[in-house]
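Residue numbers for the sequence shown follow full-length UniProt numbering, beginning at 1 and rising by one.
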Amino acid sequence: MSTEVNEISSAPITPRPATVAPKPSVAPQAQVSCPPSQYNSPSLSRSPLLDGASDQQPGAEGAVVAKAPKTPLAIRTPRMSLTPRFITPLGSPVRKALKMTRLDPQDAWLPITESRNGNKYYAAFHTLCSGIGIQALVLPVAFTVLGWAWGVILLTLGFIWQLYTLWLLVHLHENVETGMRYSRYMQLFSLTYGDKIANWLGLFPIMYLSGGTCVALIVIGGSTSKLFYEIVCPTCTAKPLTTVEWFLVYTTAAVVLSMLPNLNSIAGVSLIGAITAVGYCTLIWVISVAEGRLPGVSYDPIRADTQIARVFGVLNAIGIIAFSFRGHNLILEIQATMPSSEKHPSHVPMWRGVKVSYTLIAVCLFPLAIGGYWAYGHLIPPNGGMLPALYEYHSKDVSQSLLGLTSLFVVINAVCSFQIYAMPMFDDTESKYTSRMKKPVPWWLRCINRAMFGYGCFFVAVAIPFLGSVAGLIGGISLPVTLAYPCFMWIKINKPKKYSPMWCLNYFLGVFGMLLSGFLMAAGLYVVIDTGIKVQFFKP
1 MSTEVNEISS
11 APITPRPATV
21 APKPSVAPQA
31 QVSCPPSQYN
41 SPSLSRSPLL
51 DGASDQQPGA
61 EGAVVAKAPK
71 TPLAIRTPRM
81 SLTPRFITPL
91 GSPVRKALKM
101 TRLDPQDAWL
111 PITESRNGNK
121 YYAAFHTLCS
131 GIGIQALVLP
141 VAFTVLGWAW
151 GVILLTLGFI
161 WQLYTLWLLV
171 HLHENVETGM
181 RYSRYMQLFS
191 LTYGDKIANW
201 LGLFPIMYLS
211 GGTCVALIVI
221 GGSTSKLFYE
231 IVCPTCTAKP
241 LTTVEWFLVY
251 TTAAVVLSML
261 PNLNSIAGVS
271 LIGAITAVGY
281 CTLIWVISVA
291 EGRLPGVSYD
301 PIRADTQIAR
311 VFGVLNAIGI
321 IAFSFRGHNL
331 ILEIQATMPS
341 SEKHPSHVPM
351 WRGVKVSYTL
361 IAVCLFPLAI
371 GGYWAYGHLI
381 PPNGGMLPAL
391 YEYHSKDVSQ
401 SLLGLTSLFV
411 VINAVCSFQI
421 YAMPMFDDTE
431 SKYTSRMKKP
441 VPWWLRCINR
451 AMFGYGCFFV
461 AVAIPFLGSV
471 AGLIGGISLP
481 VTLAYPCFMW
491 IKINKPKKYS
501 PMWCLNYFLG
511 VFGMLLSGFL
521 MAAGLYVVID
531 TGIKVQFFKP
């Protein structure tokens with residue numbers, strides 16, 4: 001008996017049948033000792049590894065052994081018989097479950113992780129809605145500088161590169177050795193390199209990719225709403241709404257939708273956004289190709305007068321291709337909405353959803369770039385790309401219903417994309433409340449917070465309408481989030497053998513991504529200095 005006790009000193013021992021038992025005894029239920037801040041984690045009860053057993057278990061001679069009351073504040077250790085199978089290795093589900101106590105205790109209160117009922121379909125909806133947008137319509141502009149061959153080659157290489165870094169992020173979400181789930185990009189970056197480096201290199205680009213995208217969506221959605229109204233009702237010009245008023249209409253619609261509580265609850269919104277994104281991309285390139293090439297179209301690459309201008313022109317074209325891929329800052333957050341266990345890790349359904357969504361993204365991006373360049377050549381407008389070209393060259397040739405439907409799809413997609421890009425900002429602001437108050441955010445405070453964020457983005461869109469002029473400069477700062485940081489984090493976490501093929505591949509891509517980011521920032525700064533910025537506050 002002493003040998004058995006030494007083997008399992010922390011487990012409650014099931015009483016063996018005694019020869020004389022005056023009355024049944026009740027065995028106390030053992031509890032796992034955890035640090036106070038993590039022991040009181042309401043999110044622990046959501047873990048599939050920490051499920052308790054039934055309320056009652058048979059004890060010695062038919063006695064009923066009562067369990068401790070059900071409470072999210074404790075991890076109950078189920079009673080087990082003293083059999084050799086209880087001696088488990090270090091990587092067992094039980095031991096991994098105990099390590100899971102190091103999860104953020106506020107996870108059950110925050111909008112990204114409060115619901116873990118996602119699946120591969122939800123992942124596909126979110127990824128497609130966030131991964132394709134209006135920036136894809138500018139791809140033919142890059143071809144005017146790069147030409148046919150280099151344009152197609154660089155677009156293909158860029159698509160493969162960003163899909164590979166996406167695969168890295170999906171597999172970095174879960175750490176098998178520690179049982180940890182990294183539910184946010186910033187969390188993974190901080191735990192990999194420390195808070196100081198993360199704040200210097202990761203905080204601004206990650207926040208910009210959320211907040212800055214929301215501001216850009218207000219500009220795009222508001223201006224396209226005005227265009228849609230003019231197409232549908234061309235005679236309703238007695239007192240038309242101004243551009244700022246259309247921005248306000250769009251923002252109000254986005255704020256109303258943002259009251260949905262968490263990331264899983266907007267899966268239907270993301271589905272609508274994904275359908276409309278594929279819809280307007282397909283409509284634009286199909287109409288452009290069906291109408292044929294414009295008279296006088298040339299495919300000769302545009303060359304600047306000076307050598308330095310040519311170099312920066314090529315870099316700007318590469319930047320357009322790189323910026324057409326987005327959504328990497330949301331991948332960990334999307335995967336965090338899925339349940340995960342040792343037997344059923346979340347990266348399996350997540351990657352299935354990603355493969356479907358990025359197949360559709362490729363079906364949209366490549367025809368847009370190739371078909372748009374074939375139809376318009378060097379005549380494509382440099383600001384806006386395919387959408388203004390459609391209205392400028394085909395407004396009289398194409399049915400107004402098709403033009404109106406295209407504009408409507410753009411508006412709906414912008415409203416839906418706003419929700420998923422704003423969710424990390426909601427999560428960040430609410431985490432500050434929960435970490436200080438140690439309780440969930442009240443519903444009325446959550447509504448106020450989200451309304452303030454939405455109308456704050458509206459204020460920035462109206463106050464600084466020239467923000468798009470420096471998008472290339474700021475986009476260069478954010479590019480490592482997509483192309484470089486995942487490679488470095490994979491090396492740091494998985495520690496592959498130095499100079500092995502995977503080490504060399506990730507190290508090369510990470511370094512090249514950082515260099516490309518620096519070159520694109522220089523190109524963006526050159527464009528700002530060379531062309532200047534028309535600074536007009538509160539005049540969108």
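Quick reminder that beta carbons are idealized off the backbone N, C-alpha and C, glycines included.
- In the DSSP assignment, M350 falls within the unbroken alpha helix (DSSP H) covering 347-376.
- DSSP places N449 in the uninterrupted alpha helix (DSSP H) bounded by 443-463.
- Counting only residues of its own chain and dropping the five nearest sequence neighbours on each side, W246 has a CB closer than 6 angstroms to the CB of G222, S225, K226.
- Boundaries of the alpha helix (DSSP H) harbouring P140: 139-172, taken from the DSSP string.
- 9 angstroms or more divides the Cβ of P111 from the Cβ of H328.
- In the same chain as A277, and ignoring 5 residues on each side of it, the C-beta atoms closer than 6 angstroms to its own belong to I132, N413, in chain order.
- Exclusion of the five residues before and after V145 leaves P301, I302, G313, V314, N316, A317 as the residues of its chain whose Cβ lies within less than 8 angstroms of its Cβ.
- Taking a cut-off of 8 angstroms for Cβ pairs, the region 190-202 and the region 364-382 do not touch, as fewer than three such pairs fall below it.
- For the pair of segments examined, the region 416-424 was found to touch the region 212-219: the number of CB pairs separated by less than 8 angstroms reaches three.
- Less than 9 angstroms separates the beta-carbon of F323 from that of G472.
- Here the alpha carbons of L402 and C457 stand approximately 31 angstroms from one another.
- The C-beta of D427 has 16 or more other C-beta atoms within 10 Å across all chains shown, which makes the residue buried.
- Per DSSP, reduced to three states, the secondary structure at M180 is strand.
- Under DSSP, the beta-bridge partners assigned to N175 are M180.
- Secondary structure of R436 (DSSP, three-state): helix.
- Taking the Cβ atoms as the reference, S298 lies roughly 5 angstroms from G377, within the contact range of under 8 angstroms.
- Ranked by how close their Cα comes to the Cα of P465, the residues V244, L360, R116 have V244 in first place.
- Residue environment for T406: buried (at least 16 other C-beta atoms within 10 angstroms of its C-beta).
- DSSP places C214 inside the alpha helix (DSSP H), whose first and last residues are 213-232.
- Boundaries of the alpha helix (DSSP H) around S270: 267-290.
- When the five nearest sequence neighbours on each side are left out, the beta carbons in the same chain lying within less than 7 angstroms of the beta carbon of L166 are those of H328, I331, V354, in order along the chain.
- Fewer than three pairs of CB atoms, one per stretch, sit closer than 8 angstroms, so the region 500-519 makes no contact with the region 440-448.
- One alpha carbon belongs to M207, the other to P295, and they sit about 44 angstroms apart.
- Taking a contact to require three or more Cβ pairs closer than 8 angstroms, the region 478-485 and the region 261-279 do not qualify as touching.
- For Y185, the three-state secondary structure derived from DSSP is helix.
- Assignment of T306 by DSSP, reduced to helix, strand and coil, places it in the coil class.
- If you look at W490, you'll find it in the alpha helix (DSSP H) that goes 485-494.
- Using a 10 angstroms sphere on the CB of R436, the tally of other CB atoms stays under 16, which defines it as exposed.
- For I412, the secondary structure class from DSSP, reduced to helix, strand or coil, is helix.
- With fewer than 16 neighbouring CB atoms inside 10 Å of its own CB, A149 falls in the exposed class.
- From the listed residues R326, D397, S399, the smallest Cα separation to S130 is found for R326.
- Here the alpha carbons of V348 and E342 stand approximately 12 angstroms from one another.
- In this structure, M350 and V170 form a Cβ contact; the two beta carbons are roughly 5 angstroms apart against a cut-off of 8 angstroms.
- Taken through DSSP and simplified to helix, strand or coil, I206 comes out as helix.
- Counting of Cβ neighbours within 10 angstroms places E177 among the exposed residues, the total staying below 16.
- 9 angstroms or more divides the Cβ of A254 from the Cβ of G384.
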